[in-house]
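So, in structure tokens, the structure goes:
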């Protein structure tokens, strides 16, 4: 175990699990951070399994489920979100939902998503969702955590491993965003539920 202060920050800063000011700024300007509404949020989520497939050199696969309550779940079968143990023995997950993505959020040259708008990161999805449930399965354990408007509600809840790895992000966007108006041309499986 190494000190949390010594962990290398690549995509997110491991020092804090929540950046309230960052989340509030996103919630204050949904038109800027979710241009096109729910479709943009879905593209933000789909960008992460795409990163995973690119970094591992394997062909990725994910499933998108649309629910009658307006929520959307995206499940991928990658390695799962990085989880570490700090010097006190606490399990710490990479703070992707409630902090800035260091690669994209403040970068004017951030890559565009398929809708032509800049990629900002998962914190945009979390902040602009009434609730979001992040379920993570890794070789060394599995857990779930709930967020409301980007803020964690409770800690990591262990779940039984099922022999798979990957991540599910299930979220219900805030009211007032433009509804999902169809999917971009992407290689995904789509399931409509309820």
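Numbering (my numbering), first residue to last: 1317 to 1510.
Heads up, the beta-carbon is just placed ideally off N, CA and C, and yes, glycines get one too.
For the set 1494, 1486 and 1463, the Cα lying nearest the Cα of residue 1336 is the one of 1463. CA-to-CA, the gap between residue 1418 and residue 1476 works out to about 32 Å. It is roughly 8 Å from the alpha-carbon of residue 1440 to the alpha-carbon of residue 1413. For the region 1392-1450, the full-length alpha helix (DSSP H) segments reaching 4 residues or more read 1438-1443 along the chain. With distances taken between CA atoms, residue 1465 lies nearest to 1447 out of 1390, 1361 and 1447.
In the DSSP annotation of this structure, residue 1465 is not part of any alpha helix (DSSP H), being labelled neither H nor E. Taken atom to atom, the span from the alpha-carbon of residue 1474 to that of residue 1450 is near 12 Å. Between the region 1395-1402 and the region 1422-1441 there are fewer than three C-beta pairs closer than 8 Å, too few to call the two in contact. Of 1478, 1469, 1438 and 1461, the smallest CA-CA separation from residue 1455 is found for 1478.
The Cβ atoms of residue 1453 and residue 1481 sit closer than 8 Å to each other. With contacts defined by Cβ atoms closer than 8 Å, residue 1367 and residue 1378 do not form a contacting pair. Residue 1354 counts as buried, since no fewer than 16 other beta carbons sit within 10 angstroms of its beta carbon. Per the coordinates, the alpha-carbon of residue 1349 lies some 10 Å from the alpha-carbon of residue 1360. Going by beta carbons, residue 1429 and residue 1369 fall outside the 8 Å limit. Here the alpha carbons of residue 1352 and residue 1340 stand approximately 20 Å from one another.
Pairing residue 1394 with residue 1483 gives a Cβ-Cβ distance under 8 Å.
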